[in-house]
Amino acid sequence: MALSLNEIAELLWQAESTGTPCAPLREQLAEAAASSSTEDIVAAAYAVQSMNIERKLKTGERVVGRKIGLTSVAVQKQLGVDSPDFGTLLASMAVGHGEEIAAGRVMQPKVEAEIALVLERDLIHEQNTVADIINATAYALPAIEVVGSRIANWDIRLADTVADNASSGLFVLGARPVKLSDFDLIGCGMVMERRGDQVSLGIGSACLGNPLNAAVWLANVMARAGSPLRAGDVLMSGALGPMVAVQPGDVFSAQIEGLGSVSAYFSA
54 MALSLNEIAE LLWQAESTGT PCAPLREQLA EAAASSSTED IVAAAYAVQS MNIERKLKTG
114 ERVVGRKIGL TSVAVQKQLG VDSPDFGTLL ASMAVGHGEE IAAGRVMQPK VEAEIALVLE
174 RDLIHEQNTV ADIINATAYA LPAIEVVGSR IANWDIRLAD TVADNASSGL FVLGARPVKL
234 SDFDLIGCGM VMERRGDQVS LGIGSACLGN PLNAAVWLAN VMARAGSPLR AGDVLMSGAL
294 GPMVAVQPGD VFSAQIEGLG SVSAYFSA
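Each residue of the sequence shown is one higher than the one before, counting from 54 in this note's numbering.
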């Protein structure tokens, strides 16, 4: 018997609550959508994502922004898609620079370095431009996203990760805000190290050619969905380089040219 969207959402909720990953959900999502159309299946996956976010909001959580995933062309090809996806950032996901992350707080954690944008104006239009994003952005921060998966062994396709809040875990923001005019968003180099050993290299253009392109996509999608981006929102714009698996006791530091550094500390 096909599972309902509520039942699929419950599988993810229980996986997170118990710390035990669940099996991939793409087949159940296709059955629940009663469709073989990728668009319909992804819509069902976003509905599941929304159900679990709403459930968390009822416990006192607060939305503080959005994350953009699948901004790498290579990863898009791997999952058979041609556009990014998005997830919701909650206040409980925010980690301060230098704050230790407890073991088990994120399931199957991996890290990636990103540029975070913090808005000072709402983005209510359904068709935005790069200029709109620039005008709405207060400042940028270097960031490390700690992604995680409630799906066993990271066995995911597009529908799985969308339902799982775009594989969101935590996000660490740097402490020194920088105006967009004060660094090169496209040409900035990124180096991420684990205790001094280089583990990931990247550049601003790795994120859809320009992190602002990713932000335009997100602003358009959210406005069309009736949940436009608002002043104060944090936008995690997408990975600048390859993600790296986390081991207990790891310390990661990401340096983004012109933007500064940010570190993530994991307890043993």
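Glycine included, every Cβ here is placed at the ideal spot set by N, Cα and C.
All values derive from a computational prediction rather than experimental measurement.
Within the same chain, Cβ atoms closer than 7 Å to the Cβ of V95 are found at L211, A212, V215, the five residues on either side in sequence being excluded.
For the pair L265 and R158, the CB atoms are not nearer than the 8 Å cut-off.
Secondary structure of T91 (DSSP, three-state): helix.
Taking a contact to require three or more Cβ pairs closer than 8 Å, the segment 173-193 and the segment 278-291 qualify as touching. A straight line joining the alpha-carbon of R108 with that of W66 spans about 9 Å. Put simply, of S258, A292, A144 the residue whose alpha carbon is nearest the alpha carbon of G122 is A292. Residue state for L143 is assigned as strand, using DSSP reduced to three classes. Ranking L142, N263, V252 by CA distance to the CA of I187 puts N263 first. When the Cα atoms are used, A144 and E114 turn out to be separated by approximately 7 Å. One alpha carbon belongs to D237, the other to E165, and they sit about 19 Å apart. The Cβ atoms of A193 and L233 sit closer than 8 Å to each other. Taking every protein chain shown into account, the CB of A156 has fewer than 16 other CB atoms within 10 angstroms, so this residue is exposed.
For M296, the closest of E63, S125, L64, T73 by C-alpha to C-alpha distance is S125. Around the C-beta of K120, 16 or more other C-beta atoms lie within 10 Å, and the residue is accordingly described as buried.
Out of L58, V299, V269, the CA that lies nearest to the CA of G201 is found in V299.
Residue pairing for M54: DSSP places it in no beta bridge. Beta-bridge annotation (DSSP): E165 is paired with E198. Contact check for M160 against S221 fails: the beta carbons are separated by 8 Å or more. Counting along the chain, no alpha helix (DSSP H) covers I204, and no H or E run does either.
For Q81, the enclosing alpha helix (DSSP H) starts and ends at 79-86. Residue state for S234 is assigned as helix, using DSSP reduced to three classes. Listed in chain order, the non-local C-beta contacts of A321 below 8 Å within the same chain comprise A156, P301, G302, local neighbours out to five positions each way being set aside.
Spanning the alpha carbons of V244 and V304 requires a straight line of approximately 14 Å. For L211, the enclosing alpha helix (DSSP H) begins and ends at 211-216.
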